[in-house]
Amino acid sequence: MVDAGGTHEPYIFVVRRGGQRLDALQISEHEQSEELIDQLRRQGIEVFHTHLYKGFGMAAEKEEMEKTRDVVAIAHRYGMKADTYVQWGSMMYETFFAEESRAEHWIQRDIAGLPILLTYGYQQSFRYIPCFSNPEYLEYLKKVVRYAIVEVKTDFIHLDNFSLNAEPDSCHCSWCVSGFREFLRTKYSSRQLRDRFGFENISFVNPPQWNRDNPPEKMEIIYDPAFQEWVDFRCQLMADALRQISEYAKSLNPTVAVEINPGGLNGDNHTWMAGVDHTRLLKFTEAFWSEEDNIPAYYPDGRLVSRIRSYKLARAYRNVLMISNVANDPLALGEALAFNQTLSCVGTDPLLPETIKYIQFYRKNRDMYLDSEDIAPVAVFRSYASLTYHQASTQLSAILVEQALIQSRIPFVLVFDEHLRNLADYKVLILPNSECLSDEQISFIRRYVDDGGGLVVTEQAGLYDDWRRVRVQPGLSGLVDNQIRGSEYQQSVIGEKSGPGTGIRKQIGRGKVAYIPSLTFDGALPSSEEYFSISNRFWRRPKNWKDIIEAVHWAAEDPIPFIVDGPEFLGANYTYQARNGRYFIHLVNYDAVNTPSLVDLEVRVAMPKHKEASRVSLYSPDSKEARTLNFINDEPGTKFTIPGMKNYALVAVDM
Ligand SMILES: [Zn+2]
């Protein structure tokens, strides 16, 4: 998809927000003009992005919504598709309350009963947040969706502001409080409630409450069962609301695409902070948006910043990722092609030369991106319970392991809890400090090793169960020896722990297990952030990254199928296209600013049995023509050298 606007802000919002240019109306009209649509089409845009509904209420926005209906008809006449903004999580109460008298009961309220606001500095307090537990609000939202599909005939619905506020700003409305208790009654039997809380009658259990000495952003470990359940409840209510809206949209037009804006994997504890569990949401979407500020770059201090995690999350759920700020940035555009297999949203008018160059490259070579599957023998487990309940430690471990793999160009995917059921596709499973594993998950992991899988375990993986209760016997005992014991409840969390100093490798039947007792941050650990976010200040390889890479190679048994020599700032993704029998190697130079060209990169590709390469071709947006490369077929693969690349290169290996 190649998508661009236009603006997604309607004029009513531009005015209410304030600070606009005096010619804002003319600009707004231009952003939806036939002239602009035709210009974008000529520049290669296929999906026109525009505003439809901002949250002022359908009455207040009627005129502009009707205008959008006409504009979408123009886009369709030009053979384009339309992507329309629909507000999910914000209500401009001044007009909305005037239209809908019951709406004062539809908004999120804090523990004191005050409306919960968006968190955009001090500027937008006219925006309340509706409550997604409230069926009346969802019915209203369906009216908007119906208008979008039936009247406007949109092809793509962008649901914006798709997240909840972090504590202490969670909703305490009567729907949420009673909904939370009902959720617990449905989830657990009386006996299980007794296990969970120590008592059965949960009719007076409330959402979390805070005081000045104990602010939520400083809480390092979530032990409290009610807090843990509250996270689950918030994630589930967002997923349930999305399912309703998405199914309703598709009942009106099965081909309409649904996209949400919950952000990506940026190092936040997004389940705890935002009620966003992507693994529940992305089953109801075709795309999602991330406004993460991780502009791809390599820094002198060794940090490699990328959106690779978010792209891999998208690929795990067959979604397309839409990223803000890729426009005119060749590295960001190349990263999208490498890891997203499409450009998705390339920005807004006016499109600048680098953007247009990448659009032309993608459209000319689109066949190499369509129907391509990521090839990744290595899986990194992102455990819901581990990351949610002890973000400070486990998110850092996950990120350090991922950085080691990224900067060594090891092909890997991210797997989530549900994927542990079927690990047959992976040669290596990595548990990066996955502290909290359920009994069932442990049985899946043991079966995987029994079946000949390679397991790489770090730090405290498996020392707790999925309620973060301390296991008396480490969950992975037998597979991993010499792990230290987990720690029980602590009033205040005492520092980091690490296990014995040496790694251990064991062959167990046909399987292999490598244990890495600690991951050492390379340099002084940055100071903690609010809610213990592991932002890109932390994104570098650990000091002992070689231990991880060597363990992965050892555990994989067969060689890793792609080896690309190069510096630590060269990123890679590998895909396979069954219909043409082709491998693709996508390379991104994250240090293009300081190292504008890379030369003589040696590549080795392990070929499937009885296959050999018949042609190797190099493509790049920086050169007009593809270049055929010399190669040598030898057992068990193909060797060749990439003579040079700038920001992004694509190599096709035909069999
Ligand atoms: Zn509520």
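Going letter by letter, the sequence shown gives residues 180 to 834 in the numbering used here. Built from N, CA and C at the ideal position, the CB exists for glycine as well.
Under 7 Å between C-beta atoms of Y568 and L602: It is not a contact, given that the beta carbons lie outside the stated cut-off.
Spatially closest choice to R761 from M547, V782 and T263, by CA coordinates: M547
R806 to I589 span [Cα, whole Å]: 25 Å
Contact with chain C by K366, beta-carbon distance below 7 Å: You won't find chain C in this structure, because it holds only one protein chain.
For V607, the nearest candidate out of D550, G236 and A558 (CA to CA): A558
W285 (DSSP reduced to helix, strand or coil): coil
Spatially closest choice to T298 from I206, H209, A453 and G358, by CA coordinates: A453
CB of L530 within 7 Å of CB of Q302, strictly: When the beta-carbon positions are compared, L530 and Q302 stay at least 7 Å from each other.
For S656: DSSP bridge partner residues: Answer is V659.
Near ligand 1: C414 beta-carbon under 6 Å from a heavy atom: no
contact_flag[the stretch 530–544, the stretch 563–578] where n(CB pairs < 8 Å) is 3 or more: no
Status (buried if at least 16 other CB within 10 Å, exposed otherwise) for Q662: buried
As assigned by DSSP and simplified to three states, the class of T699: coil
Inter-residue spacing [alpha-carbon to alpha-carbon] between L444 and I687: 34 Å
Per-residue burial, G258 [other beta carbons within 10 Å of its own, 16 or more giving buried]: exposed
Residues near ligand 1, criterion Cβ-heavy atom distance below 6 Å: Going along the chain, the residues that qualify are Q287, C310, S312, C350, C352, W354 and C355.
Own chain residues within Cβ distance below 7 Å of T527, not counting five before or after: A183, G184, G185 and T186
Short Cβ contact (7 Å threshold) for F235 with I206: no
According to DSSP, residues forming a beta bridge with Q415: Answer by DSSP bridge pairing: none, since Q415 is not bridged.
Boundaries (first-last residue) of the beta strand (DSSP E) holding D392: Per DSSP, D392 belongs to no beta strand (DSSP E) and is neither H nor E.
Reference G745, options D770, W724 and K722, closest by Cα: When C-alpha distances from G745 are compared across D770, W724 and K722, the shortest belongs to D770.
For R196, the three-state DSSP class (helix, strand or coil): helix
Nearest to Y232 (by Cα), restricted to the options H457, W267 and E552: The shortest Cα separation from Y232 among H457, W267 and E552 belongs to W267.
Alpha-carbon to alpha-carbon, A466 and K685: 41 Å
Supposed close pair I401, Q407 - CB separation, criterion 8 Å: Yes, they are in contact, since the Cβ atoms of I401 and Q407 sit about 6 Å apart, within 8 Å.
Whole-angstrom C-beta distance between S349 and P386, which should lie under 8 Å: 6 Å
Beta strand (DSSP E) segment containing G513, residue limits: From DSSP, G513 is part of no beta strand (DSSP E) but of the alpha helix (DSSP H) over P509 to N519.
Where the alpha helix (DSSP H) through H457 begins and ends: Note, H457: alpha helix (DSSP H), H457 to L460.
Secondary structure of F352, DSSP reduced to three states: Note on residue identity: the sequence assigns Cys, not Phe, to residue 352. In this structure, C352 counts as coil in the three-state DSSP scheme.
Alpha helix (DSSP H) runs contained entirely in the stretch 405–491, provided each spans 4 or more residues: 449–453 and 457–460
Cβ contact check for the stretch 458–465 and the stretch 697–709: 3 or more pairs under 8 Å: no
For P314, three-class secondary structure by DSSP: helix
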